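*Asks:* Handing you a structure now.
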Amino acid sequence: GSNFCIPPCLFAWFKGIPIINIESSVRFTKPSKSALLLQPISTMTVLQWEEQKKLLKKGTVVGPLIPKPEIQPWNGGYILVTGGTLGHKKLFDVISESKLNNVVLQTGRVNPEPYRRQHPEWKILEHSAKFYELIAGAEVVVTHFGATILEAIVYKKPTVVVPNPEWTRTA
5 GSNFCIPPCL
15 FAWFKGIPII
25 NIESSVRFTK
35 PSKSALLLQP
45 ISTMTVLQWE
55 EQKKLLKKGT
65 VVGPLIPKPE
75 IQPWNGGYIL
85 VTGGTLGHKK
95 LFDVISESKL
105 NNVVLQTGRV
115 NPEPYRRQHP
125 EWKILEHSAK
135 FYELIAGAEV
145 VVTHFGATIL
155 EAIVYKKPTV
165 VVPNPEWTRT
175 A
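Okay, here's the thing in structure tokens:
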């Protein structure tokens, strides 16, 4: 899990409760800090891809943990552009220069105001508690290298992956 899982796992370890440590599905070049820290105290470290075995040698490859769709996919006729929680300003700037008018832009931590001013016809939001609904209705998903890729697969959406060159600690 994410860094948020560390405190409850430490509590479980102190209480003698077994810990199953699951590495992120999008880690291929470096292990996540949480998986690395928890591996020594975990009963099992679950890996989703064979390639992750070189990152966490004690891990067990079980295959990708892909969730079931929350709702039925549909075609809302829009392009969903997202950079995940942190956002992807370079991607957003390039999309913003396009003549596309059927865009749903999820900005994460990137300031949405410039895009709102430039494209009042776009639906622009920072975060969504029901992000799966946006993916389920998208005609195409444009995203960074992150968990959105697997979510798009769940809903069988064509996906364009645009890595963020500013990110050096993930993947």
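Just add 4 to the spot in the sequence shown (first one is 1) and you have my numbering. Ideal Cβ placement from N, Cα and C applies to all residues, glycine included. Quick caveat, the model's predicted, so the values are computed rather than measured.
1. Which residue comes first and which comes last in the beta strand (DSSP E) that contains Ala133?
2. Under the assumption that Leu60 contacts Pro44 (Cβ atoms under 8 Å), give the Cβ distance between them as a whole number of angstroms.
3. From Glu125 to Gly91, what does the alpha carbon distance come to, in whole angstroms?
4. Just verifying my parser: in three-state terms, what is the DSSP assignment at Asn25?
5. Can you look up Ile83 in the DSSP assignment and give me helix, strand or coil?
6. Check this for me: beta carbons of Val30 and Val50, under 9 Å apart or not?
7. Would you list the one or two residues that DSSP bridges to Leu51?
8. Expressed to the nearest angstrom, what Euclidean distance is found between the alpha-carbon atoms of Ile139 and Asn7?
9. Excluding the 5 residues flanking Pro116 on each side, which residues of the same chain have their C-beta closer than 8 Å to its C-beta?
10. Taking only three categories from DSSP, how would you classify Gln4?
11. Flag this pair as yes or no: are the beta carbons of Tyr159 and Ala133 separated by less than 9 Å?
12. What does the alpha-carbon distance come out to for the pair Gly112 and Thr147?
*Replies:* Result, derived from the coordinates:
1. According to the DSSP assignment, Ala133 belongs to no beta strand (DSSP E), since it is labelled neither H nor E.
2. Between Pro44 and Leu60 the Cβ distance is about 11 Å, and since that is not below 8 Å, they are no contact.
3. 20 Å
4. strand
5. strand
6. no
7. Val65
8. 25 Å
9. Cβ neighbours of Pro116 beyond the five flanking positions: Leu109, Ile128, Leu129, Glu130.
10. The structure shown does not extend to residue 4, since the chain is modelled only from 5 to 175, so the question has no answer here.
11. No, the Cβ-Cβ distance between Tyr159 and Ala133 is not below 9 Å.
12. 12 Å
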